[in-house]
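In this note's numbering, the protein residues as written are 149 to 254.
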């Protein structure tokens with residue numbers, strides 16, 4: 149089970165996802181294609197506006213994986229930077245990868 153804890157309107161809310169679906173994989177792979185294009189283009193990779201676009205797309209992808217139970221803006225404002233590693237774990241799982249327990253504990 150995947151859990152994401154966000155502060156929305158001053159209240160801590162927990163969002164849970166029982167399993168990653170094929171639809172979630174499609175969302176993640178779609179973002180991966182865009183990210184690969186971004187990082188392979190030297191001009192884009194050095195453009196702060198393009199960087200922001202790809203990061204916002206990543207956040208939207210996470211919201212899609214959770215069935216849009218929260219908005220991308222709620223995720224941006226409701227998750228502290230210290231807790232943001234969970235987003236990468238969710239993304240890795242949606243791509244079909246695994247996150248080992250040692251990584252989760254760090």
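Glycine residues also receive a C-beta, built at the ideal position from the N, C-alpha and C atoms.
- Residue 239 is classed as buried because its beta carbon has at least 16 other beta carbons within 10 Å across all chains shown.
- By the CB criterion at 8 Å, residue 175 and residue 219 fall outside the cutoff.
- Annotation for residue 193: 187 place their beta carbon closer than 6 Å to its own, counting only its chain and skipping 5 residues before and after.
- Residue pairing by DSSP places residue 153 opposite 162 in a beta bridge.
- In this structure, DSSP gives residue 202 a helical state, which the three-state scheme calls helix.
- A check of alpha carbon separations from residue 173 across 235, 242 and 190 identifies 242 as the nearest.
- Exposure of residue 158 is indicated by the presence of fewer than 16 other C-beta atoms within 10 angstroms of its C-beta.
- Here residue 194 carries a coil assignment [DSSP, helix/strand/coil].
- Residue 156 and residue 226 do touch by the CB rule: their CB atoms are close to 5 Å apart, below 8 Å.
- In terms of Cβ geometry, residue 205 and residue 182 form a close pair [threshold 8 Å].
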